[in-house]
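See structure below.
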Amino acid sequence: MFSPLALRRDIAVLCASLLLCLSFLSAPTARADDRGFQDWIREFRKTAIAEGISPEVFDRAFKGITSPDQWVLDKASYQPEFKAPVWQYFDNRVTKGAVRRGQAKKKELQPWLDKIEQRFGVNPNILLAIWSIESSFGAILDNDTVMRNVIRSLATLAYADPQRSKFGRQQLLAALEILQSGDIDESHLMGSWAGAMGHTQFIPTSYLAYAVDIDGDGRRDIWNSVPDALATAASLLSKNGWRRGETWGYEVTIPDRKLPAGELTLADWQNKWGVKRANGKPFPRPNDKAELKLPAGRDGPAFLMLKNFFVIKRYNNSDRYATAVGLLADRIGGGSGLVHDWERPFTPIDSTQVEEMQKILKAKGLYKGEIDGKAGSGTRGAIEAFEKSIGVEVQGYPSKEVLEQLRKH
Ligand SMILES: [Ca+2]
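If you're matching positions, the sequence shown starts at 5 in my numbering and goes up one per residue.
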């Protein structure tokens with residue numbers, strides 16, 4: 005009896021392990037998916053044209069796009085097993101390296117930062133912190149694995165991800181509008197798997213709402229112009245109520261008593277409730293209203309958050325995100341960091357000690373990377389391998405405890 009399945013099995017037997025045959029055998033399903041995707045693009049073309057996208061712009065944007073981007077779907081379906089602990093979230097973002105690079109970029113871009121501050125009123129340190137956290141000062145834009153064709157990514161989400169189908173369609177229309185505006189051409193319209201674009205990672209609808217051409221070359225280019233990207237971030241904050249000349253919040257100490265939720269003036273927090281600045285200085289604007297936030301509970305650092313903290317959340321609606329931006333900005337501005345540090349489940353070590361750790365791990369054949377004092381994923385993986393080898397709990401933290409074990413073994 006003949007059946008396609010039997011035929012495929014016969015081919016499989018005939019050509020055994022030849023790669024060519026394997027690709028032949030897997031081809032039919034792939035082709036069917038691609039056909040569905042191409043049908044979807046043809047349907048979507050009508051919608052886009054009805055929305056004012058010219059057929060020429062649409063056809064240029066989709067030229068060569070014939071299959072969904074599986075990598076995008078893999079990213080979209082990834083669910084982290086657990087939320088990173090608070091200390092780890094901040095340790096990964098408010099780093100010495102980010103502070104150093106932020107300060108170097110500040111010198112390099114001073115005239116642009118001044119111009120942006122004059123126009124939008126946003127503190128340059130905040131913009132540098134956002135740039136660092138969003139794209140590592142643009143470093144991720146050079147990563148070809150992570151940076152994808154935005155049209156293909158969004159079409160993939162719209163076609164194949166039921167949870168993000170509406171988002172994908174909406175952003176795809178906005179992306180086509182960006183191409184139609186001529187700010188960027190289709191070969192440079194690159195972004196993250198979810199369509200976040202350029203140095204400051206704007207999704208297309210936000211780009212349309214806030215993008216700025218501050219360098220005056222006639223194009224709002226957040227991909228190649230750092231001044232445009234930073235001005236665009238400033239424009240978003242400004243349009244969402246950023247208050248010129250004001251900060252985002254203060255680290256405070258709290259008394260051991262129940263404290264009210266909601267907003268009070270800084271003066272009331274201090275005089276009625278005993279909440280004071282952690283560094284002992286007075287509040288410069290005691291009549292401003294602030295809300296108390298304890299990101300790691302009562303045992304961690306405490307903050308009184310001002311209006312600008314909530315404006316930063318318009319960039320990314322997360323307390324952790326806005327706090328990390330504020331803390332990194334303060335450090336870039338020369339601040340010395342938290343008075344009451346995050347509680348960590350280990351004793352942290354400095355970069356010289358991380359170097360010592362890397363040397364010992366390298367000598368043991370567990371670490372192959374640079375001896376650079378930075379505990380990146382290579383170092384943490386090596387620590388995990390070491391912990392496994394001596395039969396202790398595998399955590400992968402660059403801790404004093406692990407260093408002491410390494411010196412002994
Ligand atoms: Ca420009």
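We put the CB at the ideal spot given by N, CA and C, even for glycine.
Source: prediction; values computed, not measured.
I'd like to check one pair, residue j with residue i: are the Cβ atoms closer than 8 Å?
{"i": "Leu-310", "j": "Glu-250", "result": "yes"}
{"i": "Leu-241", "j": "Trp-116", "result": "no"}
{"i": "Tyr-2", "j": "Phe-350", "result": "The structure shown does not extend to residue 2, since the chain spans only 5 to 413, so no value can be given for it."}
{"i": "Trp-252", "j": "Ile-207", "result": "no"}
{"i": "Arg-97", "j": "Leu-332", "result": "yes"}
{"i": "Leu-158", "j": "His-203", "result": "no"}
{"i": "Asp-165", "j": "Leu-77", "result": "yes"}
{"i": "Ile-134", "j": "Ala-237", "result": "yes"}
{"i": "Glu-138", "j": "Gln-74", "result": "no"}
{"i": "Tyr-163", "j": "Pro-72", "result": "yes"}
{"i": "Leu-263", "j": "Leu-296", "result": "yes"}
{"i": "Lys-378", "j": "Gly-101", "result": "yes"}
{"i": "Thr-147", "j": "Ile-336", "result": "It is worth fixing the name first, because residue 147 is Asn in this sequence and not Thr. Not in contact: Asn-147 and Ile-336 (Cβ atoms no closer than 8 Å)."}
{"i": "Ile-353", "j": "Ser-322", "result": "no"}
{"i": "Asp-187", "j": "Asp-225", "result": "yes"}
{"i": "Gln-175", "j": "Gly-199", "result": "yes"}
Compute the Euclidean distance between the alpha carbons of residue i and residue j, then round it to the nearest angstrom.
{"i": "Phe-1", "j": "Gln-274", "result": "It is not possible to answer for residue 1, since the shown part of the chain is limited to 5 through 413."}
{"i": "Ala-294", "j": "Ser-210", "result": "28 Å"}
{"i": "Ala-282", "j": "Pro-290", "result": "15 Å"}
{"i": "Ala-265", "j": "Pro-288", "result": "22 Å"}
{"i": "Trp-44", "j": "Ile-53", "result": "14 Å"}
{"i": "Gln-362", "j": "Val-398", "result": "17 Å"}
{"i": "Gln-42", "j": "Ser-185", "result": "25 Å"}
{"i": "Ile-69", "j": "Arg-156", "result": "7 Å"}
{"i": "Glu-267", "j": "Ile-258", "result": "15 Å"}
{"i": "Gly-341", "j": "Arg-39", "result": "55 Å"}
{"i": "Val-244", "j": "Arg-384", "result": "For the sequence presented, residue 244 should be read as Asn rather than Val. Roughly 39 Å between the two C-alpha positions."}
{"i": "Leu-407", "j": "Gln-357", "result": "8 Å"}
{"i": "Gly-380", "j": "Arg-411", "result": "20 Å"}
{"i": "Glu-359", "j": "Asp-376", "result": "6 Å"}
{"i": "Arg-104", "j": "Gln-114", "result": "15 Å"}
{"i": "Ser-393", "j": "Ser-355", "result": "24 Å"}
{"i": "Leu-9", "j": "Asp-37", "result": "The predicted model places Leu-9 with a pLDDT of 44, which falls under 50 and marks its position as unreliable, so this point remains unresolved."}
{"i": "Asp-118", "j": "Arg-348", "result": "38 Å"}
{"i": "Lys-424", "j": "Glu-255", "result": "For residue 424 there is no data in the structure shown, the boundaries of the chain being 5 and 413."}
{"i": "Asp-345", "j": "Trp-227", "result": "36 Å"}
{"i": "Asp-272", "j": "Asn-312", "result": "19 Å"}
{"i": "Ser-140", "j": "Lys-276", "result": "42 Å"}
{"i": "Val-61", "j": "Glu-405", "result": "59 Å"}
{"i": "Glu-190", "j": "Gly-301", "result": "47 Å"}
{"i": "Glu-374", "j": "Leu-365", "result": "11 Å"}
{"i": "Asp-232", "j": "Ala-143", "result": "17 Å"}
{"i": "Leu-131", "j": "Ile-387", "result": "35 Å"}
{"i": "Glu-391", "j": "Thr-160", "result": "41 Å"}
{"i": "Phe-66", "j": "Lys-50", "result": "13 Å"}
{"i": "Arg-173", "j": "Gly-382", "result": "38 Å"}
{"i": "Lys-280", "j": "Asp-292", "result": "14 Å"}
{"i": "Gly-395", "j": "Gln-409", "result": "11 Å"}
{"i": "Ala-389", "j": "His-413", "result": "13 Å"}
{"i": "Gly-222", "j": "Ser-239", "result": "17 Å"}
{"i": "Asp-219", "j": "Ala-213", "result": "18 Å"}
So does residue i have its beta carbon nearer than 7 Å to some heavy atom of ligand 3?
{"i": "Arg-248", "result": "This structure lacks ligand 3; the ligands present are ligand 1."}
Answer with yes or no whether the minimum CB distance from residue i to chain B is below 8 Å.
{"i": "Val-343", "result": "The chain labelled as chain B is not found in the depicted structure, where only one protein chain is given."}
With which residues is residue i paired in a DSSP beta bridge?
{"i": "Phe-206", "result": "Met-201"}
{"i": "Asn-153", "result": "Met-194"}
{"i": "Ser-403", "result": "Pro-352"}
Contact between the region 111-131 and the region 320-327 is defined here as three or more beta-carbon pairs at a separation below 8 Å; is this criterion met? In the pairwise beta carbon analysis, the region 111-131 is classified as not touching the region 320-327: fewer than three pairs are separated by under 8 Å.
Complete runs of the alpha helix (DSSP H) confined to the region 47-76 [at least 4 residues]: For the region 47-76, whole alpha helix (DSSP H) runs of length 4 or above, ordered along the chain, are 59-66.
Ignoring anything shorter than 3 residues or poking outside the region 242-325, list the beta strand (DSSP E) runs there in chain order. Assignment of beta strand (DSSP E) within the region 242-325, counting only whole runs of 3 or more residues, yields 253-257, 267-269, 293-297 and 306-309 in chain order.
Closer than 8 Å is the cut-off here; do at least three beta carbon pairs connect the region 167-182 with the region 87-96? Too few Cβ pairs lie closer than 8 Å, so no.
Between the region 151-162 and the region 193-213, are three or more C-beta pairs nearer than 8 Å? Inter-segment contact for the region 151-162 and the region 193-213 is present: three or more beta-carbon pairs are separated by less than 8 Å.
My parser needs the alpha helix (DSSP H) runs of 4 or more residues fully inside the region 114-138; what are they? Runs of the alpha helix (DSSP H) inside the region 114-138: 114-124.
Report yes or no: do the region 354-369 and the region 106-114 share at least 3 C-beta pairs separated by less than 8 Å? Judged by Cβ distances under 8 Å, the region 354-369 makes no contact with the region 106-114, as fewer than three pairs qualify.
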